[in-house]
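By this note's numbering, the letter at position 192 of the sequence shown is numbered 213, and the numbering carries on one by one without gaps.
For every residue, glycine included, the Cβ atom is placed at its ideal position computed from N, Cα and C.
Read the structure below first, then the notes.
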Amino acid sequence: MVFIGNTDNEKPRVCYMGGLHGNEPASTEGLMFFMYNLLNEDSLKSVLEDVNLSIIPMANIDGYEIQDRYAANGQDLNRDQTKLTNPEMQILKKAINEFNPLVMVDFHEYKPYRVDFVKFGEYGTTSMFDCMFLYTGNLNVCPSIKETIENVFLPRAKQQLDTYGLKYHNYLSSKHKNNKVYFNLGSVSPRSSATSFALGNCISMLMEVRGVGLNRTSFKRRIFTTYSLACSFLTTTIQEKSFINEKLTSCHDFPEQIVISYKKKKKSLQVKYDRRL
22 MVFIGNTDNE
32 KPRVCYMGGL
42 HGNEPASTEG
52 LMFFMYNLLN
62 EDSLKSVLED
72 VNLSIIPMAN
82 IDGYEIQDRY
92 AANGQDLNRD
102 QTKLTNPEMQ
112 ILKKAINEFN
122 PLVMVDFHEY
132 KPYRVDFVKF
142 GEYGTTSMFD
152 CMFLYTGNLN
162 VCPSIKETIE
172 NVFLPRAKQQ
182 LDTYGLKYHN
192 YLSSKHKNNK
202 VYFNLGSVSP
212 RSSATSFALG
222 NCISMLMEVR
232 GVGLNRTSFK
242 RRIFTTYSLA
252 CSFLTTTIQE
262 KSFINEKLTS
272 CHDFPEQIVI
282 SYKKKKKSLQ
292 VKYDRRL
(Lines of atoms letter the chains of each structure in order from A; the text may use other names.)
(Lines give C-alpha, C1' and ligand atoms only; values in the text may rest on other atoms or scores of the structure.)
Protein backbone atom coordinates (compact mmCIF):
# COMPACT_ATOMS: atom_id res chain seq x y z
CA MET A 22 0.00 0.00 0.00
CA VAL A 23 1.40 3.37 -1.08
CA PHE A 24 0.43 6.49 0.88
CA ILE A 25 0.37 9.83 -0.94
CA GLY A 26 -0.94 13.22 0.11
CA ASN A 27 -1.87 14.93 3.34
CA THR A 28 -2.22 12.65 6.39
CA ASP A 29 -4.17 15.28 8.33
CA ASN A 30 -7.20 13.54 9.86
CA GLU A 31 -9.45 16.30 8.53
CA LYS A 32 -8.61 15.42 4.93
CA PRO A 33 -10.84 12.93 3.08
CA ARG A 34 -9.37 9.42 2.84
CA VAL A 35 -9.49 7.70 -0.55
CA CYS A 36 -8.25 4.19 -1.33
CA TYR A 37 -7.68 2.76 -4.81
CA MET A 38 -6.87 -0.89 -5.53
CA GLY A 39 -5.81 -2.59 -8.76
CA GLY A 40 -4.61 -5.99 -9.87
CA LEU A 41 -6.81 -8.06 -7.56
CA HIS A 42 -7.21 -10.31 -10.59
CA GLY A 43 -3.79 -10.98 -12.08
CA ASN A 44 -4.91 -11.02 -15.72
CA GLU A 45 -6.27 -7.46 -15.63
CA PRO A 46 -3.07 -5.45 -16.17
CA ALA A 47 -4.58 -2.08 -17.13
CA SER A 48 -5.87 -1.70 -13.57
CA THR A 49 -2.31 -1.83 -12.25
CA GLU A 50 -0.74 0.20 -15.06
CA GLY A 51 -3.50 2.81 -14.86
CA LEU A 52 -2.92 3.35 -11.15
CA MET A 53 0.86 3.50 -11.66
CA PHE A 54 0.32 6.18 -14.31
CA PHE A 55 -2.00 7.99 -11.90
CA MET A 56 0.63 7.95 -9.12
CA TYR A 57 3.36 9.12 -11.49
CA ASN A 58 1.35 12.12 -12.64
CA LEU A 59 0.29 13.04 -9.11
CA LEU A 60 3.92 13.19 -8.06
CA ASN A 61 5.40 14.76 -11.20
CA GLU A 62 2.81 16.99 -12.88
CA ASP A 63 2.76 20.50 -11.42
CA SER A 64 -0.92 20.90 -12.26
CA LEU A 65 -1.79 17.93 -10.01
CA LYS A 66 0.61 18.36 -7.09
CA SER A 67 -1.69 20.84 -5.33
CA VAL A 68 -4.38 18.14 -5.17
CA LEU A 69 -2.25 16.21 -2.69
CA GLU A 70 -2.70 18.95 -0.10
CA ASP A 71 -6.43 18.24 0.02
CA VAL A 72 -6.61 14.46 0.27
CA ASN A 73 -5.18 11.47 2.15
CA LEU A 74 -4.70 8.84 -0.54
CA SER A 75 -3.68 5.18 -0.32
CA ILE A 76 -3.10 3.06 -3.42
CA ILE A 77 -2.63 -0.69 -3.84
CA PRO A 78 -1.55 -0.93 -7.49
CA MET A 79 -0.96 -4.70 -7.56
CA ALA A 80 -2.97 -6.73 -5.05
CA ASN A 81 -2.31 -10.15 -6.62
CA ILE A 82 1.33 -10.27 -7.63
CA ASP A 83 1.39 -14.06 -8.06
CA GLY A 84 -1.44 -13.94 -10.57
CA TYR A 85 0.02 -10.87 -12.29
CA GLU A 86 3.38 -12.55 -12.95
CA ILE A 87 1.72 -15.30 -15.00
CA GLN A 88 -1.26 -13.19 -16.15
CA ASP A 89 -3.76 -15.41 -14.38
CA ARG A 90 -6.96 -14.30 -12.64
CA TYR A 91 -6.44 -16.31 -9.48
CA ALA A 92 -4.19 -16.18 -6.43
CA ALA A 93 -1.30 -18.60 -5.85
CA ASN A 94 -3.64 -21.18 -4.28
CA GLY A 95 -6.03 -21.04 -7.25
CA GLN A 96 -8.76 -19.06 -5.49
CA ASP A 97 -10.47 -15.85 -6.62
CA LEU A 98 -9.54 -13.00 -4.28
CA ASN A 99 -12.66 -11.06 -5.20
CA ARG A 100 -14.86 -13.91 -3.99
CA ASP A 101 -13.14 -14.01 -0.61
CA GLN A 102 -14.16 -10.70 0.94
CA THR A 103 -16.24 -12.32 3.70
CA LYS A 104 -14.55 -15.62 4.62
CA LEU A 105 -11.03 -14.19 4.17
CA THR A 106 -9.50 -17.63 3.62
CA ASN A 107 -6.58 -16.27 1.58
CA PRO A 108 -3.59 -14.67 3.34
CA GLU A 109 -3.51 -11.95 0.68
CA MET A 110 -7.11 -11.01 1.38
CA GLN A 111 -6.55 -11.01 5.13
CA ILE A 112 -3.67 -8.55 4.79
CA LEU A 113 -5.47 -6.35 2.25
CA LYS A 114 -8.66 -6.18 4.30
CA LYS A 115 -6.76 -5.35 7.49
CA ALA A 116 -4.74 -2.59 5.81
CA ILE A 117 -7.78 -1.01 4.14
CA ASN A 118 -9.91 -1.17 7.29
CA GLU A 119 -7.13 0.47 9.32
CA PHE A 120 -6.90 3.25 6.74
CA ASN A 121 -10.71 3.59 6.98
CA PRO A 122 -11.40 5.28 3.62
CA LEU A 123 -14.43 7.41 2.90
CA VAL A 124 -14.16 6.33 -0.74
CA MET A 125 -12.94 2.94 -1.94
CA VAL A 126 -12.57 2.09 -5.64
CA ASP A 127 -11.45 -1.33 -6.87
CA PHE A 128 -10.25 -1.21 -10.51
CA HIS A 129 -10.70 -4.28 -12.72
CA GLU A 130 -10.96 -5.27 -16.38
CA TYR A 131 -13.75 -7.30 -17.96
CA LYS A 132 -13.97 -9.70 -20.90
CA PRO A 133 -15.85 -8.02 -23.78
CA TYR A 134 -16.31 -11.18 -25.85
CA ARG A 135 -18.23 -13.89 -24.02
CA VAL A 136 -19.57 -17.30 -24.99
CA ASP A 137 -23.07 -15.91 -24.43
CA PHE A 138 -22.53 -13.46 -27.32
CA VAL A 139 -21.47 -16.01 -29.96
CA LYS A 140 -24.90 -16.26 -31.59
CA PHE A 141 -25.62 -12.52 -31.57
CA GLY A 142 -25.65 -11.42 -35.21
CA GLU A 143 -23.93 -13.25 -38.04
CA TYR A 144 -20.48 -13.49 -36.49
CA GLY A 145 -21.12 -12.94 -32.81
CA THR A 146 -20.63 -9.66 -31.04
CA THR A 147 -18.62 -7.97 -28.30
CA SER A 148 -19.30 -5.42 -25.60
CA MET A 149 -18.51 -1.88 -26.75
CA PHE A 150 -18.18 -0.21 -23.35
CA ASP A 151 -14.77 1.12 -22.35
CA CYS A 152 -15.86 0.82 -18.74
CA MET A 153 -18.76 -0.26 -16.59
CA PHE A 154 -19.73 1.12 -13.19
CA LEU A 155 -20.40 -1.48 -10.49
CA TYR A 156 -21.86 -0.40 -7.16
CA THR A 157 -23.90 -2.48 -4.80
CA GLY A 158 -27.63 -3.02 -4.73
CA ASN A 159 -27.44 -4.95 -1.45
CA LEU A 160 -30.44 -4.01 0.70
CA ASN A 161 -28.35 -3.98 3.88
CA VAL A 162 -26.27 -1.09 2.54
CA CYS A 163 -27.43 2.38 3.52
CA PRO A 164 -29.40 3.91 0.59
CA SER A 165 -27.45 7.16 0.95
CA ILE A 166 -24.32 5.40 -0.33
CA LYS A 167 -25.97 4.34 -3.57
CA GLU A 168 -27.62 7.76 -3.97
CA THR A 169 -24.29 9.56 -3.48
CA ILE A 170 -22.61 7.37 -6.09
CA GLU A 171 -25.41 7.83 -8.62
CA ASN A 172 -26.02 11.55 -8.06
CA VAL A 173 -22.55 12.87 -7.22
CA PHE A 174 -19.77 10.59 -8.49
CA LEU A 175 -21.15 9.07 -11.68
CA PRO A 176 -22.38 12.23 -13.46
CA ARG A 177 -18.93 13.82 -13.19
CA ALA A 178 -17.13 10.65 -14.21
CA LYS A 179 -19.42 10.26 -17.23
CA GLN A 180 -18.83 13.88 -18.21
CA GLN A 181 -15.08 13.29 -18.19
CA LEU A 182 -15.42 10.07 -20.19
CA ASP A 183 -17.61 11.90 -22.72
CA THR A 184 -14.84 14.46 -23.17
CA TYR A 185 -12.55 11.74 -24.50
CA GLY A 186 -15.18 9.81 -26.45
CA LEU A 187 -15.12 6.83 -24.09
CA LYS A 188 -18.19 4.59 -23.80
CA TYR A 189 -19.71 3.49 -20.49
CA HIS A 190 -22.62 1.63 -18.92
CA ASN A 191 -23.68 0.33 -15.53
CA TYR A 192 -22.26 -3.13 -14.93
CA LEU A 193 -23.92 -6.04 -16.72
CA SER A 194 -23.14 -9.73 -16.46
CA SER A 195 -24.69 -12.48 -18.55
CA LYS A 196 -25.53 -16.15 -18.24
CA HIS A 197 -26.95 -18.75 -20.62
CA LYS A 198 -29.89 -20.83 -19.43
CA ASN A 199 -32.53 -22.85 -21.30
CA ASN A 200 -31.32 -21.52 -24.67
CA LYS A 201 -31.76 -17.94 -23.49
CA VAL A 202 -29.26 -15.28 -22.45
CA TYR A 203 -30.06 -13.48 -19.21
CA PHE A 204 -28.46 -10.21 -18.17
CA ASN A 205 -27.95 -9.24 -14.55
CA LEU A 206 -27.59 -5.56 -13.69
CA GLY A 207 -25.29 -4.70 -10.78
CA SER A 208 -24.34 -6.93 -7.86
CA VAL A 209 -25.36 -7.61 -4.27
CA SER A 210 -22.84 -10.22 -3.09
CA PRO A 211 -20.72 -9.33 -0.02
CA ARG A 212 -18.05 -11.71 -1.35
CA SER A 213 -17.08 -8.97 -3.82
CA SER A 214 -15.36 -5.70 -2.93
CA ALA A 215 -18.09 -3.33 -4.15
CA THR A 216 -20.60 -4.67 -1.62
CA SER A 217 -18.13 -5.69 1.07
CA PHE A 218 -16.75 -2.20 1.62
CA ALA A 219 -20.15 -0.55 1.20
CA LEU A 220 -21.45 -2.67 4.09
CA GLY A 221 -18.80 -0.93 6.19
CA ASN A 222 -20.39 2.46 5.37
CA CYS A 223 -17.96 3.49 2.66
CA ILE A 224 -18.57 4.97 -0.79
CA SER A 225 -17.56 1.82 -2.65
CA MET A 226 -17.29 1.16 -6.37
CA LEU A 227 -15.75 -1.46 -8.62
CA MET A 228 -14.73 -0.25 -12.07
CA GLU A 229 -14.68 -2.72 -14.95
CA VAL A 230 -12.54 -1.56 -17.88
CA ARG A 231 -12.79 -3.37 -21.23
CA GLY A 232 -9.71 -5.58 -21.54
CA VAL A 233 -9.65 -9.23 -20.43
CA GLY A 234 -8.62 -11.47 -23.30
CA LEU A 235 -7.32 -8.59 -25.44
CA ASN A 236 -3.66 -8.98 -24.43
CA ARG A 237 -2.07 -5.60 -25.31
CA THR A 238 -4.75 -4.51 -27.78
CA SER A 239 -6.01 -1.00 -26.92
CA PHE A 240 -3.72 -1.06 -23.88
CA LYS A 241 -3.07 2.68 -23.82
CA ARG A 242 -6.79 3.33 -24.10
CA ARG A 243 -7.49 0.97 -21.19
CA ILE A 244 -4.80 2.58 -19.04
CA PHE A 245 -6.10 6.05 -19.84
CA THR A 246 -9.67 5.01 -18.98
CA THR A 247 -8.49 3.79 -15.56
CA TYR A 248 -6.46 6.95 -15.06
CA SER A 249 -9.35 9.25 -16.03
CA LEU A 250 -11.72 7.54 -13.62
CA ALA A 251 -9.18 7.73 -10.79
CA CYS A 252 -8.76 11.47 -11.42
CA SER A 253 -12.50 12.07 -11.54
CA PHE A 254 -13.30 10.19 -8.33
CA LEU A 255 -10.47 11.94 -6.48
CA THR A 256 -11.58 15.40 -7.60
CA THR A 257 -15.20 14.69 -6.70
CA THR A 258 -14.21 13.49 -3.22
CA ILE A 259 -12.23 16.65 -2.55
CA GLN A 260 -14.95 18.95 -3.84
CA GLU A 261 -17.78 17.16 -2.02
CA LYS A 262 -16.03 16.04 1.18
CA SER A 263 -18.49 17.77 3.52
CA PHE A 264 -21.48 16.29 1.72
CA ILE A 265 -19.90 12.81 1.69
CA ASN A 266 -19.09 13.00 5.41
CA GLU A 267 -22.62 14.08 6.17
CA LYS A 268 -24.15 11.23 4.17
CA LEU A 269 -21.87 8.58 5.68
CA THR A 270 -22.53 9.87 9.19
CA SER A 271 -26.25 9.51 8.57
CA CYS A 272 -25.64 5.85 7.69
CA HIS A 273 -24.45 4.96 11.19
CA ASP A 274 -28.01 4.19 12.31
CA PHE A 275 -28.86 2.03 9.29
CA PRO A 276 -30.33 -0.55 9.05
CA GLU A 277 -32.99 -0.98 11.70
CA GLN A 278 -33.65 -4.45 10.30
CA ILE A 279 -31.41 -6.84 8.40
CA VAL A 280 -32.54 -8.23 5.04
CA ILE A 281 -31.79 -11.93 4.61
CA SER A 282 -33.61 -12.66 1.33
CA TYR A 283 -34.60 -10.75 -1.79
CA LYS A 284 -36.22 -11.26 -5.17
CA LYS A 285 -34.92 -9.93 -8.47
CA LYS A 286 -37.08 -7.78 -10.72
CA LYS A 287 -37.25 -7.98 -14.50
CA LYS A 288 -36.51 -4.78 -16.36
CA SER A 289 -36.49 -3.80 -20.04
CA LEU A 290 -33.10 -2.40 -20.98
CA GLN A 291 -31.54 -1.49 -24.32
CA VAL A 292 -27.89 -2.48 -24.56
CA LYS A 293 -25.60 -1.72 -27.50
CA TYR A 294 -22.92 -4.08 -28.81
CA ASP A 295 -20.52 -3.96 -31.73
CA ARG A 296 -18.15 -6.21 -33.66
CA ARG A 297 -14.83 -4.63 -32.78
CA LEU A 298 -12.30 -6.61 -30.80
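{"Query": "C-alpha gap between residue 38 and residue 228, whole angstroms", "Result": "10 Å"}
{"Query": "Residues of its chain near residue 262, where Cβ-Cβ distance is below 6 Å and the 5 sequence neighbours each way are ignored", "Result": "33"}
{"Query": "Residue 291 classed as buried or exposed, judged by whether at least 16 other C-beta atoms fall within 10 angstroms", "Result": "exposed"}
{"Query": "Short Cβ contact (8 Å threshold) for residue 6 with residue 42", "Result": "The first residue shown for the chain is 22 and the last is 298, placing residue 6 beyond what the model contains."}
{"Query": "Beta carbon of residue 147 nearer than 8 Å to that of residue 73", "Result": "no"}
{"Query": "Alpha-carbon spacing of residue 90 relative to residue 30, whole angstroms", "Result": "36 Å"}
{"Query": "Under 8 Å between C-beta atoms of residue 162 and residue 220", "Result": "yes"}
{"Query": "Euclidean distance between Cα positions of residue 246 and residue 232", "Result": "11 Å"}
{"Query": "Given residue 157 as reference, the closest of 208, 118, 185, 188 once Cα atoms are compared", "Result": "208"}
{"Query": "Inter-residue spacing [alpha-carbon to alpha-carbon] between residue 279 and residue 272", "Result": "14 Å"}
{"Query": "With 16 other Cβ atoms within 10 Å as the buried cut-off, status of residue 23", "Result": "exposed"}
{"Query": "Inter-stretch contact (C-beta, 8 Å, three-pair minimum) for the region 124-140 and the region 42-58", "Result": "yes"}
{"Query": "Per-residue burial, residue 198 [other beta carbons within 10 Å of its own, 16 or more giving buried]", "Result": "exposed"}
{"Query": "CB-CB length for residue 254 against residue 154, believed under 8 Å", "Result": "So it is not a contact: roughly 11 Å between Cβ atoms."}
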